[in-house]
Amino acid sequence: MQEDVFKMYLDEVEGIESLSPDENRMLAEKLSAGHESVKDRLIEGNLRTVLLMVQDYLGRGVLAGDLVQEANMALVVAVREYRSELGGFDEFLEEQVRKALLAAVEEQSREEKTAEKMVDRVNTLKDLSRDMAEELGREATVEELARRMELTADEIRDIMKMTLDAMSVMGE
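Just so it is clear: in the sequence shown, position 24 is 38 by my numbering, and no numbers are missing.
This is how it looks when you write it as structure tokens:
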């Protein structure tokens with residue numbers, strides 16, 4: 015599905031004329047000189063360039079549409095913030111887009127690791143709760159579970175709440 019969205023966007027962008035290196039340089043110079051009127055053309059003319067950069071980040075855990083959105087936002091910001099003293103526009107654009115794409119990939123990775131930790135905690139709590147019920151002959155209290163897991167009672171309640179929320183979303 016995400017490949018289809020990416021392909022549709024690529025097809026759309028194909029209809030927009032890219033800038034030649036000379037045109038890109040000339041528009042960047044005009045922008046640096048204060049000609050705000052070139053911004054739209056500089057953005058449109060670099061959409062395909064940005065999409066080529068996006069392709070390097072496909073398959074790294076972030077949806078293609080999200081990568082395109084991040085790259086396009088970085089393109090807009092690069093055009094807005096570019097000044098000739100920052101160096102060549104092409105290099106500045108590439109640096110901004112790659113920073114944004116890398117940040118998106120890293121954020122996704124952090125979110126996945128956090129989710130994995132939560133699943134581990136939920137599973138540990140479930141197993142511990144079952145074991146303590148057998149051991150005690152009754153359900154363990156939140157405080158007892160917290161002591162065994164070396165967490166606070168509030169952290170145990172949060173884990174329990176997330177488990178219940180997940181079950182209600184799944185319709186169990």
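For glycine and all other residues, C-beta sits at the position ideal for the given N, C-alpha and C. Please read all numbers here as calculations on a predicted model, not as lab measurements.
Residue i, buried or exposed, once every other Cβ within 10 Å from all chains shown has been counted against 16
i	result
residue 68	buried
residue 30	exposed
residue 154	buried
residue 33	buried
residue 118	buried
residue 150	exposed
residue 147	exposed
residue 178	exposed
residue 111	buried
residue 38	buried
Proximity of residue i and residue j at Cβ, strictly below 9 angstroms
i	j	result
residue 92	residue 115	no
residue 27	residue 77	no
residue 139	residue 87	no
residue 35	residue 134	no
Own chain residues within Cβ distance below 8 angstroms of residue i, not counting five before or after
i	result
residue 72	20, 78, 81
residue 89	57, 60, 61, 64, 107, 110, 111
residue 166	160
Beta-carbon contacts of residue i that lie in its chain and below 7 angstroms, excluding the five residues immediately before and after
i	result
residue 142	159, 162, 163
residue 53	45, 93
residue 48	none
Chain-order list of residues whose beta-carbon lies under 6 angstroms from that of residue i (same chain, five-residue window excluded)
i	result
residue 97	46
residue 233	Residue coverage of the chain in this structure runs from 15 to 186, which leaves residue 233 outside it and unanswerable.
Answer yes if the region 52-64 comes into contact with the region 120-129, meaning at least three C-beta pairs across the two stretches below 8 angstroms, and no otherwise.
Too few Cβ pairs lie closer than 8 angstroms, so no.
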